[in-house]
Amino acid sequence: MVDASSPATADVRQLRWSLSAMRQRVWLISAAVVVVSLIGLVSSWLDPTIRAPLRPGLDFTGGTQIQLERQCDPACADLKAIAVSNVIRELALPKEGNAPLPQLNAPRVQLLDAGQSLLLRLPTLSAAQGQAVIQAVEPVAGPFKDGGQSVDTIGPSLGRQLLQSSLVSLLVAFAGIAVYISFRYDRRYAFLALVALAHDVVIVCGFFAWLGLFFQLEVDSLFAVALLTIAGYSVNDTVVVFDRIRERTQQGSDLPLKLQVDQAVSATLTRTLYTSGTTLMPLLALVFFGGSTLYWFAIALALGVVVGSWSSIALAPSLLTLWQPQGD
Amino acid sequence: MARYQGWFAFVLALAIAAGMFLLRTPLELGLDLRGGSQLTVQVQPAGDITRVGSEEMEAVKAVLERRVNGLGVAESTLQTVGDTQLVLQLPGEQDPTRAARVLGSTAMLEFRAQKPGAEGDLRSLRQLRSQVRAILRLREDQARNGDPDNSDGIDFDQLAEAQKLFGLDGESTSEIDQLQQLLEKVNGEIVQQFEPAALTGKDLVTAGRQPLQNNPNSWEVTLSFNSDGAEAFAELTKSIAGTDRLLGIVLDGQAISEASVGPQFQAAGISGGSASISGNFTAEEARELEVQLRGGSLPLPVEIIEVRTIGPTLGAENIRRSLVAALSGLAFVAVFMVVAYRLPGAVAVVALSLYALFNLAMYALIPVTLTLPGIAGFILSIGMAVDANVLIFERIKDELRRGNTLIRSIDTGFSEAFSSIVDGHLTTLISCAALFFLGTGLVKGFAATLGIGVLLSLFTALTCTRTLLRFLMGYSGLRSPNNFLPNSQLPTPSA
């Protein structure tokens, strides 16, 4: 019988991926993707129609969004978005108290699910005004399915609150995680876990910034939820790898840190790939089988899982080797 | 061995209890899954109150609660969110207009006596108002039914003259808008004909409604006052009884109706403290007014900042699709685990099913309202729950490769994986806690479901998987390392 903790030979045999040998390439890839993401965020900010790092959706800007499902039996009649927006532009809204009438000169009309449903984005409307819009659109795009409608009206102050509370809670969560890791490990582990986390969050945001620039994709509060989840997943993933590295270094091995890190990463590689695989599968199921509501949410999460795995098996451990203890 | 049998019985009992509980207590579905309306109201400071504190919130909530109960929507909920917001959920309600009207308006009821003199002005104003109302109703009916233009018996010249008189150009907007603007002006002018309020809704004890005797399609709202109110009402009616002056009933600054007081009340006024308002109300309008009056005036103004309405079939479609996604995701994970880890993989599948069962039971127990992001969090947590099992099994494989015995490998695998499982789960829990306590709305719900998932996965991975695995090891037929790792990967036994 062999002692569980000692033989270095068995571990070296398992070395499937020499991370330290290609750490410069890892950094180059990560840096390049981060730079492309940052360019996307900055371009989005400079874009006069967006003026924010990501194209904000209704949840953040306020307004009314109306979703209508068309009755298609068997197939939907052809419909052009422009026809719908023309009708809305001409519409005279019922007045609501003393409030000024909302301007309908720039409605945004989108056809979803191959023309089966209709998404209208309008300035903030009262419930009665929303009904008036639906009635006006019905002759052009209807008939609509009973009970297939959704009308969301969100005041701009609510969006600001949502953004603020998400950011504050995210920062507090980061601080809590940093404190926990520095308590359980040490400060460099905590710092690198946060670097990996920032790396993942920036890349996912950058990807959506580019989508916003080219495909007018807007981010909603579900995207905020997705980012928070990615942050949690990223740290969880990184901590498991760090745990292995710490276990190695605490065994008092004479091997250089680089090699110890390589061994630890190799030992957890199967686990990381399996885990991201099993997390990705339900997400891909959501992408392919889930409704349109969760489509972009699932894509954001799936991208986060891929990037998070990369940062925890490649980026974070390779950065750790920069702290080579003196005289080793 | 007996120790693991005890644990096994415990896990089994827990599973049965969870299953039974789940059968009895249905999961609470959020509005995005079953359809309905959700309104968010912001309470605003006004007058002397510059900051909305918890006391003010309680007072506003009490008033709104009475009004919401009056709406008669089953299972409606009204919750305080943050410091100054209230969220009202109305499952199944497809017309948020009604709720918005009842919630948002202040229902400030006033009784006013007509100013002396100029009785003729009021008479012509009231005449104009009833004409405008009639035309407006006709036009609205036409717009709703798409009837052909039928303007029989309407004096448009007189209408145009009235518009000019009130300074409305009548060019810019639709006819219905014009009529509404005119009606508002006329109403405002009528209110001017009355003295300031002598009696307000704050002395109101209760309100009711009934159809008019001579016209069952028209309803009146009945009121009863407390002793102060009764006294004020008697005083007010006494002052105008037998004169040509009218009693004006003003709601939220709008003239609702005017009543004459007969000469028989000249001596003592109308005593007894009850009155009725007949303003040509429909049954629905009378009910809304009753609800508003019963609820009393809001101590602070509120603004409706969010209205979400989701159709019931849209919700059903979302459930169906998310369920398909969740099940296919689970099925894949199950197949994958068995292929990758053989016997322990199969054990993990059982543990994961227990995990899903416990998780749903927890949702019913707490209770957690299941929303779309909640389901997403659940699906995601399945993937994360697998992680703990993968960590353990990888360690067991490592130990077997090193040539350890099976039982020892299993025990070492669990203890070696313990610290990283705990660290991973705790860091996720820390962020869940931050998101739950500081986040709002969607974020809060997501943090709650993910947090429950993380805690349960910690429990199932560390107890269920282990218990089941050790229990199965009691059967010698299963005790072959080959069930854990293909023979080819095992080290050749050394001498």
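Residue numbers (the working numbering), protein chains in the order written: chain A, 32 to 359; chain B, 928 to 1422. We put the CB at the ideal spot given by N, CA and C, even for glycine.
How many angstroms separate the CA atom of residue i from the CA atom of residue j?
i, j, result
"Tyr1402(B)", "Ala940(B)", "22 Å"
"Leu1395(B)", "Gln282(A)", "32 Å"
"Pro1408(B)", "Arg277(A)", "29 Å"
"Val182(A)", "Ser196(A)", "24 Å"
"Ser75(A)", "Ser200(A)", "25 Å"
"Val67(A)", "Gly237(A)", "7 Å"
"Asp975(B)", "Phe1038(B)", "25 Å"
"Thr260(A)", "Leu332(A)", "8 Å"
"Leu334(A)", "Asp90(A)", "22 Å"
"Ala944(B)", "Val272(A)", "37 Å"
"Arg1235(B)", "Ser964(B)", "6 Å"
"Ser297(A)", "Gly1366(B)", "38 Å"
"Gly1272(B)", "Asn1410(B)", "10 Å"
"Phe320(A)", "Ser1249(B)", "8 Å"
"Ser342(A)", "Ile1334(B)", "35 Å"
"Gly1169(B)", "Ala1194(B)", "10 Å"
"Thr952(B)", "Ala1258(B)", "26 Å"
"Arg86(A)", "Trp241(A)", "10 Å"
"Asp78(A)", "Leu194(A)", "21 Å"
"Phe1429(B)", "Tyr931(B)", "No answer is possible for residue 1429(B): the residues shown for chain B start at 928 and end at 1422."
"Ala1261(B)", "Val1276(B)", "6 Å"
In terms of alpha-carbon separation, which member of the options lies closest to residue i?
i, options, result
"Tyr305(A)", "Leu1412(B), Asn1144(B), Asn1316(B)", "Asn1316(B)"
"Val184(A)", "Ala52(A), Leu149(A), Thr95(A)", "Contrary to the premise, residue 184(A) reads as Thr rather than Val in this sequence. Nearest C-alpha to Thr184(A): Thr95(A)."
"Met312(A)", "Gln1181(B), Ala1253(B), Val1188(B), Asp1022(B)", "Ala1253(B)"
"Ala123(A)", "Gln965(B), Glu1102(B), Gln1193(B)", "Glu1102(B)"
"Leu966(B)", "Gln1006(B), Ala989(B), Phe1364(B)", "Gln1006(B)"
"Ile1293(B)", "Ala973(B), Val938(B), Leu949(B)", "Leu949(B)"
"Ala1202(B)", "Ala1161(B), Ala1210(B), Leu1150(B), Phe1093(B)", "Leu1150(B)"
"Gly12(A)", "Ser213(A), Phe246(A), Ser49(A), Gln162(A)", "There is simply no residue 12(A) to check, as chain A begins at 32 and stops at 359 in what is shown."
"Glu1211(B)", "Val1148(B), Pro1226(B), Ala1161(B)", "Val1148(B)"
"Val294(A)", "Ala345(A), Ser323(A), Phe319(A), Leu150(A)", "At residue 294(A) the sequence reads Gln, which differs from the Val that was named. Of Ala345(A), Ser323(A), Phe319(A), Leu150(A), the residue nearest in Cα terms is Ala345(A)."
"Pro1143(B)", "Asn1207(B), Leu1106(B), Arg1064(B), Arg1053(B)", "Asn1207(B)"
"Asp274(A)", "Arg215(A), Phe175(A), Tyr326(A)", "Arg215(A)"
"Gln102(A)", "Ser307(A), Gln147(A), Ser61(A)", "Gln147(A)"
"Ala229(A)", "Leu50(A), Gln291(A), Val64(A)", "Val64(A)"
"Leu1106(B)", "Phe1263(B), Ile1357(B), Ala1161(B), Glu1088(B)", "Glu1088(B)"
"Ala1361(B)", "Ala262(A), Arg191(A), Leu153(A)", "Ala262(A)"
"Leu258(A)", "Trp58(A), Ala204(A), Ser61(A)", "Ala204(A)"
Just checking my contact of residue i with residue j at CB under 8 Å: how many whole Å lie between their CB atoms?
i, j, result
"Ile165(A)", "Ile119(A)", "So it is not a contact: roughly 10 Å between Cβ atoms."
"Ile81(A)", "Thr1354(B)", "Ile81(A) to Thr1354(B), Cβ: 34 Å. No contact."
"Leu1173(B)", "Ala1186(B)", "6 Å"
"Ile1232(B)", "Leu189(A)", "5 Å"
"Ser1154(B)", "Ser1184(B)", "With 8 Å as the limit, Ser1154(B) and Ser1184(B) do not qualify as a contact, their Cβ atoms being about 25 Å apart."
"Phe1341(B)", "Arg1393(B)", "6 Å"
"Val1229(B)", "Gln1016(B)", "Incorrect: roughly 16 Å between the Cβ atoms, too far for contact."
"Leu151(A)", "Leu142(A)", "Not a contact, Cβ separation roughly 11 Å."
"Glu985(B)", "Ala1040(B)", "Not really, about 36 Å apart at Cβ, beyond 8 Å."
"Leu132(A)", "Ile1306(B)", "The Cβ separation is near 43 Å, so there is no contact."
"Leu1131(B)", "Leu1030(B)", "Wrong, their Cβ atoms sit about 19 Å apart, outside the cutoff."
"Val987(B)", "Leu1227(B)", "6 Å"
"Phe1373(B)", "Gly1304(B)", "5 Å"
Please classify residue i as buried or exposed, where buried requires at least 16 neighbouring CB atoms within 10 angstroms.
i, result
"Ser1198(B)", "exposed"
"Thr1296(B)", "buried"
"Thr977(B)", "exposed"
"Arg44(A)", "The predicted model places Arg44(A) with a pLDDT of 47, which falls under 50 and marks its position as unreliable; any figure quoted below should be read in that light. Exposed, by the Cβ-count rule."
"Leu947(B)", "Sequence inspection shows Met at residue 947(B); the Leu mentioned does not correspond to that position. By the neighbour-count rule (16 or more Cβ atoms within 10 Å), Met947(B) is not buried but exposed."
"Trp354(A)", "exposed"
"Pro1239(B)", "buried"
"Phe1320(B)", "buried"
"Ala224(A)", "buried"
"Lys111(A)", "exposed"
"Asn136(A)", "exposed"
"Lys126(A)", "buried"
"Asn398(A)", "Within the shown structure, residues of chain A are numbered from 32 to 359, placing residue 398(A) beyond reach of any answer."
"Phe328(A)", "buried"
"Lys1129(B)", "exposed"
Contact between the stretch 137-157 of chain A and the stretch 213-230 of chain A is defined here as three or more beta-carbon pairs at a separation below 8 Å; is this criterion met?
Segments in contact, no.
Would the stretch 341-352 of chain A count as touching the stretch 48-60 of chain A if we require 3 or more Cβ pairs under 8 Å?
Short answer: they touch.
Okay, do the stretch 1371-1385 of chain B and the stretch 1309-1326 of chain B touch, 3+ Cβ pairs below 8 Å being the bar?
Using a Cβ-Cβ distance cut-off of 8 Å, the stretch 1371-1385 of chain B and the stretch 1309-1326 of chain B are in contact, since at least three pairs of beta carbons, one from each stretch, lie closer than that value.
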